Amino acid sequence: MRAHHDLGGLPAGPIDLTEHAKAPWEKRTHALLWLLTRRGIMTVDELRRGIESLGAAEYDRLGYYERWITSITHTLLQKGVLTTDELGRKLAEVEGREARPS
Amino acid sequence: MNPPFFAGDRVTVRRASPPGHVRTPFYVRGQTGVVERVLDAFANPEELAYGRSGLPRVRLYRVRFRQLDLWPDYQGQPGDTVDVEIFQHWLEPAREEVK
Chain Y
140 MRAHHDLGGL
150 PAGPIDLTEH
160 AKAPWEKRTH
170 ALLWLLTRRG
180 IMTVDELRRG
190 IESLGAAEYD
200 RLGYYERWIT
210 SITHTLLQKG
220 VLTTDELGRK
230 LAEVEGREAR
240 PS
Chain S
2 MNPPFFAGDR
12 VTVRRASPPG
22 HVRTPFYVRG
32 QTGVVERVLD
42 AFANPEELAY
52 GRSGLPRVRL
62 YRVRFRQLDL
72 WPDYQGQPGD
82 TVDVEIFQHW
92 LEPAREEVK
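Here the protein sequences line up with chains Y and S, keeping their order.
The numbering used here puts the first residue of the first sequence at 140, with every later residue one more than the last.
The numbering used here puts the first residue of the second sequence at 2, with every later residue one more than the last.
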């Protein structure tokens, strides 16, 4: 059975080759993976496994670096580098910061 | 354990769809090609994908396939080929004769 992400040879239609600027969070996501692999905390193969096990709907819904950060998050939770509680509190803090009128 | 292969050997890619992370594209599984060159041995990405060492290292081969073998409706030149790098445990000696 073909895995959802394994697209080689499937009809794809035209490919958009125009360059687009990466958002700062996308650059940080790329840098984060680089640091994690260099320090031996996770491998690029773990990143790929995480992306490939997102499920078809989620794989299609998420953008390229959204897949990365989702996979990195789950890998770090599984390894105990982050805890769910720690991450939940931090995300709430960031949301609160963004909601506050400047 | 599979035998090692050499440049020029005809090999067939195992037809398997295990869960987890595999580097063998679906479109070459079950297909036969020729070893174009023997590459280095690398930590097994299927094991690295679960945070393990991936050791012992696994031999990687560059295998050349005829596009016409892979795609029944291929519209390009008959001699067109595609090279795919495949780990040894996915390869077996070719089962079929040259078409």
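A virtual CB, placed ideally from N, CA and C, is assigned to each residue, including glycine.
Given the structure is predicted, the values throughout are model-derived calculations rather than measurements.
(Q) I want to verify the contact list: residues of chain Y whose CB lies under 9 Å from the CB of Trp72 (chain S), in sequence order. (A) Taking a Cβ-Cβ cut-off of 9 Å, the neighbours of Trp72 (chain S) in chain Y comprise Gly148, given in sequence order.
(Q) Residues in the same chain with beta-carbon distance under 8 Å from Leu216 (chain Y), minus the five sequence neighbours each way, listed in chain order, please. (A) Here Leu216 (chain Y) has Thr222, Thr223, Leu226 as same chain residues with Cβ atoms under 8 Å from its own Cβ, once five neighbours each way along the sequence are excluded.
Q.
Taking the alpha-carbon of Arg178 (chain Y) as reference, which of Y:Val220, Y:Tyr203, Y:Gly147 has the nearest alpha-carbon?
A. When only C-alpha atoms are compared, the closest one is Y:Val220.
Q) Whose C-beta lies closer than 6 Å to the C-beta of Arg206 (chain Y) among residues of the same chain, with five residues either side of it excluded? A) Around Arg206 (chain Y): Ile190.
Q | Val23 (chain S) versus Y:Ala142, Y:Leu230, Y:Ala238, Y:Lys166, residue with shortest Cα-Cα distance | A | Comparing alpha carbon positions, the residue from Y:Ala142, Y:Leu230, Y:Ala238, Y:Lys166 closest to Val23 (chain S) is Y:Ala142.
Q: Would you mind reading off the limits of the alpha helix (DSSP H) that contains Leu171 (chain Y)?
A: Per DSSP, the unbroken alpha helix (DSSP H) holding Leu171 (chain Y) starts and ends at 163 to 177.
**Q.** Length of the line joining the Cα atoms of Val85 (chain S) and Ala238 (chain Y)
**A.** Cα to Cα, the separation comes out at about 50 Å.
Q: Have a look at Tyr75 (chain S) and Leu40 (chain S) and give me their C-alpha separation to the nearest angstrom.
A: So the two alpha carbons sit approximately 29 Å from each other.
Q. With a CB to CB cut of under 6 Å and the five nearest residues on each side skipped, what residues in its chain are close to Ile236 (chain Y)?
A. Here residue 236 (chain Y) is Arg; the residue named in the question, Ile, does not match the sequence. For Arg236 (chain Y), where only same-chain residues beyond five positions count, there are no Cβ hits under 6 Å.
Q: Following the continuous alpha helix (DSSP H) through Gly21 (chain S), name the residue where it begins and the one where it ends.
A: Premise fails: Gly21 (chain S) is in no alpha helix (DSSP H) and is neither H nor E.
Q. Along chain Y, in chain order, which residues have C-beta atoms closer than 7 Å to that of Tyr28 (chain S)?
A. The contacting residues are Gly147, Gly148.
Q.
Run through the DSSP bridge pairs and tell me what Pro94 (chain S) is partnered with.
A. Residue pairing by DSSP puts Pro94 (chain S) in a beta bridge opposite S:Val12.
Q. Looking at the structure shown, is Val233 (chain Y) part of a helix, part of a strand, or coil, going by DSSP?
A. The answer is helix: DSSP assigns Val233 (chain Y) an H, G or I state.
Q | Contact list for Arg188 (chain Y) against chain S, beta-carbon separation under 8 Å | A | Going along chain S in sequence order, the residues near Arg188 (chain Y) (Cβ under 8 Å) are Gly21, His22, Ala50, Tyr51.
Q: Determine the DSSP secondary structure at Asp145 (chain Y), reduced to helix, strand or coil.
A: In the three-state reduction of the DSSP assignment, Asp145 (chain Y) falls in the coil class.
**Q.** Within chain S, the residues that Asp184 (chain Y) reaches when beta carbons sit closer than 7 Å
**A.** Neighbours of Asp184 (chain Y) across chain S, judged by C-beta separation under 7 Å: His22, Pro46, Leu49, Ala50.
Q) First and last residue of the beta strand (DSSP E) that includes Glu86 (chain S)? A) It spans 82 to 88 - the beta strand (DSSP E) in which Glu86 (chain S) sits, taken as one unbroken run.
Q) What's the C-alpha gap between Val14 (chain S) and Tyr28 (chain S)? A) Distance between the alpha carbons of Val14 (chain S) and Tyr28 (chain S): 10 Å.
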